[in-house]
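The structure appears below as structure tokens.
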Amino acid sequence: MVGRCMSIFMYTLLTAVFALFFTLVSYIAWHIRGQSAKGDYERKKKWQNFLDKMEVTKTGLDAMSRTPDLSNACFQAGLRTAEFQLSAAPLLEDPASQVLCGKQGLAQGLLYTTLMQEQEGWGKRTQAVARSRIFDDEVQYMLASMAKDWPEAERLQVVTLGCGMDTRPWRLRRGASSRGHSPFKLIWYEVDKASIIELKAKRLQEAGICDGLLAGRVVTLQEKTKVNPVPTQRSTHRTHPASEQLLRRPPSLVVDEYYSLDCDLRHEGALRVCLQDAGFSSSHPTLWILEGDFLPKLDTASASALLKQCSGCSPMGSCLLATTVSSGCKTLALQTGFQHSLEDWQIPGTLSSVSGWDHTAMLGEITQLTRTRYKNECYPYFGRFSDSQELAKLTDVEYIVTTRRI
Numbered sequence: 149m150v151g152r153c154m155s156i157f158m159y160t161l162l163t164a165v166f167a168l169f170f171t172l173v174s175y176i177a178w179h180i181r182g183q184s185a186k187g188d189y190e191r192k193k194k195w196q197n198f199l200d201k202m203e204v205t206k207t208g209l210d211a212m213s214r215t216p217d218l219s220n221a222c223f224q225a226g227l228r229t230a231e232f233q234l235s236a237a238p239l240l241e242d243p244a245s246q247v248l249c250g251k252q253g254l255a256q257g258l259l260y261t262t263l264m265q266e267q268e269g270w271g272k273r274t275q276a277v278a279r280s281r282i283f284d285d286e287v288q289y290m291l292a293s294m295a296k297d298w299p300e301a302e303r304l305q306v307v308t309l310g311c312g313m314d315t316r317p318w319r320l321r322r323g324a325s326s327r328g329h330s331p332f333k334l335i336w337y338e339v340d341k342a343s344i345i346e347l348k349a350k351r352l353q354e355a356g357i358c359d360g361l362l363a364g365r366v367v368t369l370q371e372k373t374k375v376n377p378v379p380t381q382r383s384t385h386r387t388h389p390a391s392e393q394l395l396r397r398p399p400s401l402v403v404d405e406y407y408s409l410d411c412d413l414r415h416e417g418a419l420r421v422c423l424q425d426a427g428f429s430s431s432h433p434t435l436w437i438l439e440g441d442f443l444p445k446l447d448t449a450s451a452s453a454l455l456k457q458c459s460g461c462s463p464m465g466s467c468l469l470a471t472t473v474s475s476g477c478k479t480l481a482l483q484t485g486f487q488h489s490l491e492d493w494q495i496p497g498t499l500s501s502v503s504g505w506d507h508t509a510m511l512g513e514i515t516q517l518t519r520t521r522y523k524n525e526c527y528p529y530f531g532r533f534s535d536s537q538e539l540a541k542l543t544d545v546e547y548i549v550t551t552r553r554i
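Residues in the sequence shown are numbered from 149 upward in steps of one, following my numbering.
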């Protein structure tokens, strides 16, 4: 009898323990789901408040979506501004980009960067920022190399095709050339669509960065004072917010002459005419910059024709620096705007045969270069903003290629 009572008691006790355990597990699961939902709600509310604070309206974002090239140009500048504002040790300092991105581009850049930080972890860099830093270093290296190869040249020229809201003429570090204490004369040309060029000139003038005046197709913005490069090192402690710092000390042009040109590159010969009207000389060594998605979005025939125009305007010793897309990235080509990213002309070794450039080399993929050169990691190209799991984790997308006329 006693044994039977003990058995019933133990059975009841075990049943109660299991019931309590199941209830506890259910409560924990419910609490976690509730906290997750609450967190999602709070994040959405926080970003809505953020967008409201930035005065970003649906109408404004819709307007940007109807002009994708202009929207992307402002977004890229917004990403560089976000790096400068959010990072304690920024990989790239670009205070001039803050006035060029506008409210919409700034909001997009800050939102994208912060969401990437929350989703993928802190301390990494966006691919656009990493690419800009690599291009900065390569441009400086190539200019120094060209100055050494052309000791008697009166000037060096740089042409950026599809410039967007690029600010390299304000942030590039200038060094002395091989000719001694006097740096070489650097002439900088930027080429893009009229809508981008006009907006860029307007924002530069409004910010007081340059006293440029739109005259036909050419905006000439020349710094009359002594060259004062934008500092590349700063203390992590700021006395004033970045926006106040920019207004207190506007960046200065670090090039000797700057020309911003609107040109329809679809017309054969238009590039040469546009540049020559602005004083460009085919007899002086030239560095061509094709950064971002400018080249990958062109079809084979258009890209080949454009690169031939560049080589035709360049004497021996001129260089070209460009972004290409991995030929093995089929998913990217099929699901994004890079429809022509798999064409053979983008593979180093074949570029010279179709465009007139004599020597081509691949520097490497942006993520790998960032890890090797700067000991930094990059966020995935798309992250969780893509519905495709394959695209979400994609990192090896953009490659940097250099070529030279020898």
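We treat Cβ as the ideally placed atom computed from N, Cα and C, and that holds for glycine.
Given the structure is predicted, the values throughout are model-derived calculations rather than measurements.
Could you check if residue i is buried or exposed, using at least 16 other CB atoms within 10 Å of its CB as the buried criterion?
i	result
threonine 508	buried
valine 287	buried
proline 299	exposed
leucine 168	exposed
valine 165	exposed
aspartate 412	exposed
glycine 440	buried
glycine 427	exposed
methionine 464	exposed
tryptophan 178	exposed
leucine 419	buried
methionine 264	buried
Can you tell me the Cα-Cα spacing of residue i and residue j, whole angstroms?
i	j	result
glutamate 338	aspartate 217	15 angstroms
phenylalanine 223	arginine 521	25 angstroms
aspartate 314	isoleucine 176	51 angstroms
glutamine 267	arginine 316	30 angstroms
leucine 443	leucine 435	16 angstroms
glutamine 305	serine 235	33 angstroms
arginine 414	threonine 262	37 angstroms
glycine 310	leucine 409	10 angstroms
aspartate 506	serine 462	12 angstroms
serine 466	aspartate 297	10 angstroms
arginine 519	alanine 276	14 angstroms
alanine 292	glycine 417	30 angstroms
alanine 278	glycine 271	13 angstroms
arginine 281	threonine 308	16 angstroms
methionine 294	alanine 244	27 angstroms
proline 528	threonine 163	50 angstroms
threonine 550	glycine 356	35 angstroms
alanine 255	lysine 523	28 angstroms
serine 430	glycine 269	48 angstroms
lysine 350	glutamine 457	29 angstroms
aspartate 242	leucine 423	27 angstroms
isoleucine 156	phenylalanine 170	21 angstroms
tyrosine 289	leucine 446	27 angstroms
glutamate 354	serine 174	60 angstroms
alanine 449	arginine 322	36 angstroms
methionine 154	threonine 160	10 angstroms
aspartate 425	tryptophan 318	23 angstroms
aspartate 340	asparagine 220	13 angstroms
glutamine 246	leucine 172	52 angstroms
Give me the Cβ distance between residue i and residue j, rounded to the nearest whole Å; I'm assuming they're in contact under 8 angstroms.
i	j	result
tryptophan 336	tyrosine 406	5 angstroms
leucine 334	aspartate 285	With a Cβ gap of about 16 angstroms, leucine 334 and aspartate 285 do not count as contacting.
arginine 553	serine 459	6 angstroms
threonine 274	leucine 240	The Cβ separation is near 10 angstroms, so there is no contact.
valine 402	leucine 320	5 angstroms
alanine 301	proline 433	6 angstroms
threonine 229	glycine 257	6 angstroms
arginine 303	phenylalanine 332	7 angstroms
So, for residue i: in the same chain, excluding its five sequence neighbours on each side, which residues have a beta-carbon less than 8 angstroms away from its beta-carbon?
i	result
tyrosine 126	No statement about residue 126 is possible, as the shown extent of the chain runs from 149 to 554 and does not include it.
valine 421	none
leucine 517	Ala278, Ile282, Leu511, Ile548
methionine 158	none
Quick one: residues in its chain with C-beta nearer than 7 angstroms to the C-beta of residue i, no 5 flanking neighbours on either side, listed in chain order?
i	result
proline 238	Glu231, Phe232
lysine 348	Leu248, Met313, Ser408
glutamate 392	For glutamate 392, the predicted model reports a pLDDT of 42, less than 50, meaning its position is unreliable; a value from the coordinates is still stated below. Counting only Cβ-Cβ distances below 7 angstroms, and skipping sequence neighbours, we find nothing.
Can you give me the Cβ contacts of residue i inside the same chain, cut-off strictly under 6 angstroms, excluding the 5 residues immediately before and after it?
i	result
isoleucine 437	Thr308, Leu469
isoleucine 345	Ser408, Asp410
If we require 3 or more residues per run, which beta strand (DSSP E) segments fall completely within the stretch 271 to 315?
Runs of the beta strand (DSSP E) inside the stretch 271 to 315: 303 to 309.
What residue ranges within the stretch 413 to 455 form continuous alpha helix (DSSP H) runs of no fewer than 4 residues, ordered along the chain?
418 to 425, all fully within the stretch 413 to 455.
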